[in-house]
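Student:
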Amino acid sequence: MSAEPARMKPPIYGYIRALPELDPEELLMTSGQLLRWAWDNHFHLAEVFVERRWLHTTAWDELVGSCNRHGVRDVVVPDYRHLHSLPALSHVMQSVIEDVIQGRVWCARPDRDVPECQPLDICGGETT
Numbered sequence: 427m428s429a430e431p432a433r434m435k436p437p438i439y440g441y442i443r444a445l446p447e448l449d450p451e452e453l454l455m456t457s458g459q460l461l462r463w464a465w466d467n468h469f470h471l472a473e474v475f476v477e478r479r480w481l482h483t484t485a486w487d488e489l490v491g492s493c494n495r496h497g498v499r500d501v502v503v504p505d506y507r508h509l510h511s512l513p514a515l516s517h518v519m520q521s522v523i524e525d526v527i528q529g530r531v532w533c534a535r536p537d538r539d540v541p542e543c544q545p546l547d548i549c550g551g552e553t554t
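Heads up: take any position in the sequence shown, counting from 1, add 426, and you land on the numbering used here.
1) Would you mind working out which of R478, W465, A464 sits nearest I442, comparing C-alpha positions?
2) Beta-carbon within less than 8 Å of H470's beta-carbon, same chain only, minus the 5 sequence neighbours each way: which residues are those?
3) What does the Cβ neighbour count give for A534, buried or exposed, with the cut at 16 atoms within 10 Å?
4) Spatial neighbours of L445 within its chain, please: CB distance less than 7 Å, with the 5 preceding and 5 following residues excluded, ordered by chain position.
5) Taking the CB atoms as reference points, tell me whether V531 and V498 lie closer together than 8 Å.
6) Check whether the Cβ atoms of L454 and V474 sit closer than 8 Å, and answer yes or no.
7) Report all residues from its chain with a CB closer than 8 Å to the CB of S492; omit the five preceding and five following residues, and keep chain order.
8) When DSSP builds the beta bridges, which residues end up paired with E477?
9) Ordered along the chain, which non-local residues of its own chain (more than five positions away) have a Cβ less than 8 Å from that of M427?
10) Can the beta-carbon of L512 be found closer than 8 Å to that of V503?
11) From this set, G458, I523, E452, which residue's C-alpha is nearest D487's C-alpha?
12) Taking the alpha carbon of H527 as the point to measure from, which residue in P450, V490, R462 has its own alpha carbon closest?
13) Within the same chain, show all residues whose beta-carbon is closer than 7 Å to that of M519, passing over the 5 residues directly before and after it, in chain order.
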């Protein structure tokens, strides 16, 4: 009886908007939620990029550059608000990120009050 080789989980990056109302303890808790989501969904959370006020392009550039350098094609955010505070603009940001990294953006905490977008889905469900 031979043992099946262990499969490596694909890497995924996290992205958090650490706006002024997000204190350090909540930032740590949010990072932990991304780690749990990644584990539960069969990913390895390789790194979490944090967007800080006035430095959003820096975090964006680091995320995209790292995705392209290391072949990471999946990004998880806590919810759509971590891409933009408005659902429609969040959807645009999701589309831009997915195009640039040639991958997918997932939401760890779907917002049931925001309708699913088609063909992209900011709520983490399946696309059609």
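In this text, a Cβ means the ideal position worked out from N, Cα and C, and glycines have one as well.
Tutor: Quick look at the numbers:
1) Indexing the sequence shown from 1 puts residue 442 at position 16. Of the candidates R478, W465, A464, the one whose C-alpha sits nearest the C-alpha of I442 is R478.
2) Here residue 470 corresponds to residue number 44 of the sequence shown, with the count starting at 1. Here the set comprises M434, K435, P436, P437, I438, A464.
3) If you number the sequence shown from 1, residue 534 lands on position 108. Per the 10 Å Cβ criterion, buried.
4) Looking up residue 445 in the sequence shown gives position 19. Correct list, in chain order: R479.
5) Mapped onto the sequence shown, residue 531 falls at position 105. Mapped onto the sequence shown, residue 498 falls at position 72. The answer is no: Cβ separation not under 8 Å.
6) The count along the sequence shown starts at 1 and reaches residue 454 at position 28. The count along the sequence shown starts at 1 and reaches residue 474 at position 48. No.
7) As a first step, residue 492 is located in the sequence shown; it is residue number 66 there, counting from the start. Cβ within range, chain order: Y439, E473, F475, V498.
8) As a working note, residue 477 is residue 51 in the sequence shown. E477 pairs with R443.
9) As a first step, residue 427 must be located in the sequence shown, where it is residue number 1. Its pLDDT being 46, under 50, M427 is placed unreliably in this model, and the coordinates cannot settle the point.
10) In the sequence shown, counting from the first residue as 1, residue 512 sits at position 86. In the sequence shown, counting from the first residue as 1, residue 503 sits at position 77. No; because the gap between Cβ atoms is not below 8 Å, this pair is not in contact.
11) Sequence index remark: in the sequence shown, residue 487 carries index 61 (1-based). Closest by alpha carbon: I523.
12) Walking along the sequence shown from the start, residue 527 turns up at place 101. Residue identity differs from the one stated: residue 527 is Ile in this sequence, not His. Nearest option by C-alpha distance: V490.
13) Here residue 519 refers to the residue found at position 93 of the sequence shown. The residues are L509, H510.
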